[in-house]
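Structure record follows, encoded as C-alpha cells.
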Amino acid sequence: MSDKMFISRRKFLKTTGITAGLAAVGGSLIAFETAEAKGNDAHNTHTAAQKNSGIPRARMFFTNVLDFNILSAAAERIFPKDELGPGAVELGVPYFIDHQLAGAYGYNAREYMVGPHFEGAPTQGYQTPLLRKDLFLQGIAAINKQAKTQYKLDFPDLSPAQQDDILKMCEKGDIKTDGFKSSFFFSVFKSAVIAGVYADPMYGGNADMSGWKMKQYPGARMAYTDIIESDKFENIEPISLADMM
Amino acid sequence: MAKILNKTDVVTVGVGFTGGVIAAECTRAGLNVVGLERGGYRTVDDFMEIHDEWRYAINYGLMQDLSKETITFQNNRGMRALPMRQLGSFLLGDGLGGAGVHWNAMNIRFFPYDFEIKSKTKERYGNKLSNDYLLQDWGLTYDEIEPYYTKFEYAIGTSGEMKSPFDGKRSKPYPMKPLVKTKILSNFEKAAQKLGCHPYMTPASICSDAYTTPYGEDLNPCQYCGYCERFGCEYDAKSSPINTLIPVAQKTGKYDLRCNANVVEVMKKGDKVTGVKYVDTLTGEEYIQPADIVVLCSFVMNNAKLLMLSKIGEMYNPETGKGTLGRNFCYQVTPGATGFFDEQMNVFAGAGALGVSLDDYNGDNFDHSKLDFIHGGLITMLNAGSRPIGSNSVPKGTPSWGAEFKKASVYNFTRALGASAQGASLPHKENFLSLDDTYKDAYGLPLLKMTYNFTKQDRAMFSYLSEKIENLLMAMGAKSVSSKPNGENYNIVPYQSTHITGGTVMGRDPKDSVVNNYMQHWDADNLFVVGAGNFPHNGGCNPTDTVGALAYRCAEGVLKYNKKSVSLV
Ligand SMILES: Cc1cc2nc3c(=O)[nH]c(=O)nc-3n(C[C@H](O)[C@H](O)[C@H](O)COP(=O)(O)OP(=O)(O)OC[C@H]3O[C@@H](n4cnc5c(N)ncnc54)[C@H](O)[C@@H]3O)c2cc1C
Ligand code: SF4
C-alpha cells in the first residue's frame, strides 16, 4: 500500500467518520483491510521475495564465523525448533542480532554511557561501560571458553544437553567474565533472542512471520473494528510492515 | 555569547499536555506565546508505520534520549547515586506532545478525599501514619478543581460512563459514551460484580465515536489496533497534545513553536524572572528568550531540575525538614497479576485505555481502621492489545527459556490476562529530588538526583491490593494466577509506571509548597510551574486528568497575572 493511500485512509476517516459513525467506518475499513491483504500483484511478488529462502543473508557485525555459530547454537537452545514450528536459527534470529549489534542497539546510542562507572546495587540497573556489541563478543567468547574447558569442544559441537548445562551456568552468573557478570550477558542475550523471534520480519528475524503464526498473532494489522466485539477467538493471518508499503 | 531574541508575552518550557493547554488558552486570549520543546517536531503523519514493537515499545523510539540527559538514583541517602543508564521503571517523554503522544490515555479524576487527604484522614483515623509521612492538603478542594477537570476532559475528549458510586460529583457527563466492552472485559466485570465490587468502563481519552472538541479539532473513532501504549495513534483517535491543543494555538497565529530547543536556565532578576536560556540542539547555539511570563511545562523531573539549576526557591533538606524544592517526591505502588485461562481470547486487539476498573479498594472508599495503610488503588483489567515480544507470561514453575518455555509462552499468549492496581503513593521525608554532584548532562549541567524507596505503607498496600487482584482473576475462572512480587526496595529497572509526582508541590503556605494554587511560584510571581510535580501526594489512579485540570487552572492564573502583575493569592 502506498504512503498516499495510507494517508488518504486517515483523511477518509476524517471526512466520513463524523457523520457515518462507528459501524459504517468499521465496515469501510474492513474493505480496506481486504484490499490490503490481497494487494496487487507487484506487491505480492514483493512479499514473496521476503520469504525465508529469499532473504539476502549476510553479516553486518560478526567478523568471525565461529562467534556467529556460537551465537546461533545458543539462540537455538533458548528458542528451539519443535512440533509447534521453527526455532531461532530457522527464524533468522542470529541475523537479527547481528544486524542489531551493528547499529544503535549495539552501540547503546540512546543510553547514558558517561563515567565514572561503579557496580551499584541491583536496584540501580546495569552500570557497565561495555557497549552491547562488546558485551556480546565477550559473552560469546566466555561461553566457548567454558565449553572448551569442560568438554574440550567448541560450543556449537556440544550436544544440546551439554549446551544447556553451559547456558545454565551462564544464567546463574557462574561463567568467568571480565567487567560484567555472565548472568547479565545471559539476560540481555535471552531478550535479544525473543525479540528476534517476534520483531517485524524487516529486521531479519521472524522469517515468514512464523514467530507470529505460532502465537496466532496477526502482526502489524491496522484495525480490529470488525472483530473487537466478537465472542470467539479469531485466527487472523498476520501481515507485516512490508505488506503495507 | 548567547543571542538575545525579541521579548514575548509568555514562554513555555516543554510542549506536552501542560505546554499545550497553556499555549491554546493564552494565544486564544491574545497573548504571544513561544513554545520551546527540546525534542523534534511531529504530527500524525509520522505514525503511519508505527506498528513496530521492537522500535517503539522495546527500544523506546518516542522517548527521552538518555545519551543527552538522564537522572541519577539511590534508594536512600546512604547509597552512592548512580545514573539510570537505560529507560525502564518510567518512560519520559521527548519531542512535540511529550509523553502525551505515547500514553495509554486512561483519563481519570482523583477523589475529593485526595485534595484534603490530611484533614480527612485525621478526621476519620486520627494520627494513623507517623510524622515521617508529609501528608498535606492541596490548597484546592475537589469542588474548586471540578470545573477545570471538565474543561480538560472536553478539550481532549473522553469516553466513559458515570457508574462508579465512589466518583466525586461531575458537573457534566463524559463527552463520549464508553469504548466497546469486549468479551474479556465483560467477563472481568462479571467477576468483579460477583465479589461485590462496582466495576465501570475505564474513562479513556480515546474516541468511542467521531468527536469535535470545543476548540473545533476533529478526532476519529478508535480502530482498536492495539498499538496505543508506547506508540502514537495514526488515526487521531487517541488524544494527544498534537491533535487537540497545539493546532489550536497554531491557528491563532500567535504561537511561535520551536522544537530542538533545550532550555538550560530560567533567568531571574530580583523577585521576577526575565526569560529563559536555551540551546539549539541541532546547531549547539545558545539563545536567550526574554518573556513577561515563564511557564515551566517540562514534566516533574525537569521542572524541578530547572528551578534547582536556576537557584529559584529553597532546596528541601531531609535532615532538617526545611526547604520545599524537591520535597514530596512520590511514585506509585503497582501490584499486578497474570491469570492463565483455558480458552483462547483476542488479546491482540484492544486500545490503550480500553478497560474495566473498580474503585472499591481505592481512596478512602473502604475502612482502613484495622489496616496498616491509608488510601488504596484503582484496579483495572486493560484490553490494551498484547504484543509478542512483550507478552511472554508463563505459569509459575515454567523455565524461562528453552523447549518448555517456548511451548508455554506460545500456548499462553492468547490465554493470559493481566490485571493491575495503581496504588497511591504518599510523601515520605526521605523521598526527594535534588541535584547530583558527580554526573552531568550533554549541556554540562548536573543531573537530577532521585532518592526514593518504598515505605511500610507502600508494602502493606501492595499485599492488600495484590490479594484483591488474585481474587478477581480467580473469580474470572483463571486456572492459575502469578502475582508480581512485593519488592522490599524500589527497583529502577522493570517498568512500573510513569506516574511520577511531586518535587514542586502546590499549597496554601510557602512553608510546605513551591507554588500557590494557581501554580504560581511563591518567590517569583511571573513564574508558573505546572505538572504532576504539583501533586503533594500521588493518588490511586492515572495522573493526567489532574495534570490537565491544574494546567487549565494555571492558564487562568497566567491570564489573571497578565492583567494585574501581582501574586494571585
Ligand atoms: C507509557 C506511558 C503510559 C501512560 N499512560 C497514561 C494513562 O493512561 N493515563 C494518564 O493519566 N497518564 C498516563 N501517562 C502519563 C502521561 O503521559 C503524563 O502525565 C503527561 O503526558 C504529562 O504531561 P506533561 O505536559 O506534564 O509532561 P510531558 O508530556 O513529559 O511533556 C514535557 C515536555 O517537555 C519537554 N522538555 C523537558 N525538558 C525540557 C527542557 N529542558 N527544555 C525544553 N523542553 C523540555 C519534553 O521533551 C516533553 O516534550 C503515561 C505515560 C507513559 C510514558
Ligand atoms: S487502539 Fe485506537 S486509539 Fe489506540 S492507536 Fe489504535 S486506533 Fe489509535
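Taken in sequence, the protein lines are chains H and A.
Counting from 70, one number per residue, gives the positions in the first sequence under the numbering used here.
Counting from 1468, one number per residue, gives the positions in the second sequence under the numbering used here.
Built from N, CA and C at the ideal position, the CB exists for glycine as well.
- Within the segment 178 to 197 of chain H, contact with chain A at the beta-carbon level (separation under 8 angstroms) is assigned to 178, 179, 180, 181, 182, 183, 185, 187, 189, 190, 191, 192, 193, 194, 195 and 196.
- Taking the C-beta atoms as reference points, residue 1636 (chain A) is found no nearer than 9 angstroms to residue 1621 (chain A).
- In the DSSP assignment, residue 1493 (chain A) is bridged to no other residue.
- At least one CB of chain A lies nearer than 9 angstroms to the CB of residue 302 (chain H).
- When the five nearest sequence neighbours on each side are left out, the beta carbons in the same chain lying within less than 6 angstroms of the beta carbon of residue 128 (chain H) are those of 167, in order along the chain.
- Chain A places no beta carbon closer than 9 angstroms to that of residue 219 (chain H), leaving this residue out of the contacts.
- Assigned with DSSP and collapsed to three states, residue 1568 (chain A) falls in coil, not helix or strand.
- Between residue 1502 (chain A) and residue 1562 (chain A), the CB-CB gap reaches or exceeds 9 angstroms.
- DSSP places residue 163 (chain H) in the helix class (H, G or I) of the three-state scheme.
- Note on geometry: alpha-carbon atoms of residue 151 (chain H) and residue 165 (chain H) lie some 20 angstroms from one another.
- In the displayed model, residue 1527 (chain A) falls within coil according to three-state DSSP, outside both helix and strand.
- If you check the CB distance, residue 1977 (chain A) and residue 1990 (chain A) come in under 9 angstroms.
- Using a C-beta cut-off of 8 angstroms, the segment 1531 to 1543 of chain A makes contact with the segment 181 to 196 of chain H, since at least three inter-stretch Cβ pairs fall below that distance.
- In this structure, DSSP gives residue 1757 (chain A) an extended state, which the three-state scheme calls strand.
- In this structure the segment 211 to 230 of chain H does not lie against the segment 1562 to 1575 of chain A, because fewer than three pairs of beta carbons, one per stretch, are closer than 8 angstroms.
- According to the DSSP secondary-structure assignment, residue 1846 (chain A) is paired through a beta bridge with A:1825 and A:1888.
- Residue 1839 (chain A) is outside the set of residues whose beta carbon lies under 9 angstroms from a beta carbon in chain H.
- By the rule that beta-carbons nearer than 9 angstroms mark a contact, residue 149 (chain H) touches chain A.
- Looking at A:2023, A:1946 and A:1845, the one whose alpha-carbon comes closest to that of residue 2005 (chain A) is A:1845.
- Among the bridge pairs identified by DSSP, residue 1797 (chain A) is matched with A:1968.
- Between residue 135 (chain H) and residue 223 (chain H) a beta carbon distance of about 7 angstroms is seen, short of the 8 angstroms cut, so the two are scored as contacting.
- Counting only residues of its own chain and dropping the five nearest sequence neighbours on each side, residue 1644 (chain A) has a CB closer than 6 angstroms to the CB of 1675.
- Straight-line spacing of the CA atoms in residue 1985 (chain A) and residue 1807 (chain A) works out to 48 angstroms.
- Under a 10 Å Cβ-count criterion, residue 1833 (chain A) is classified as exposed, with fewer than 16 other Cβ atoms of the shown protein chains found around its own Cβ.
- A straight-line Cα-Cα distance of about 25 angstroms links residue 1837 (chain A) and residue 1797 (chain A).
- Residue 1934 (chain A) has no beta-bridge partner at all, per DSSP.
- Relative to ligand 1, the beta carbon of residue 1505 (chain A) is positioned inside 8 angstroms of a heavy atom.
- Classified as exposed, residue 1788 (chain A) has fewer than 16 neighbouring CB atoms from the shown chains inside 10 Å of its CB.
- With a cut-off of 8 angstroms, the C-beta of residue 2010 (chain A) is classified as near ligand 1, since at least one heavy atom of the ligand falls inside that distance.
- Proximity of residue 1518 (chain A) to chain H, defined by a Cβ-Cβ separation below 9 angstroms, is satisfied.
- Taking C-alpha positions only, residue 1922 (chain A) is separated from residue 1951 (chain A) by approximately 17 angstroms.
- Residues of the segment 1775 to 1797 of chain A with a C-beta less than 7 angstroms from any C-beta of chain H: none at all.
- With a threshold of 9 angstroms between beta carbons, residue 1690 (chain A) makes contact with chain H.
- Remark: the shortest separation between the CB of residue 1701 (chain A) and any heavy atom of ligand 2 falls under 8 angstroms.
- DSSP places residue 1816 (chain A) in the coil class of the three-state scheme, outside both helix and strand.
- Rounded to whole angstroms, the gap between the alpha carbons of residue 1564 (chain A) and residue 1710 (chain A) is 9 angstroms.
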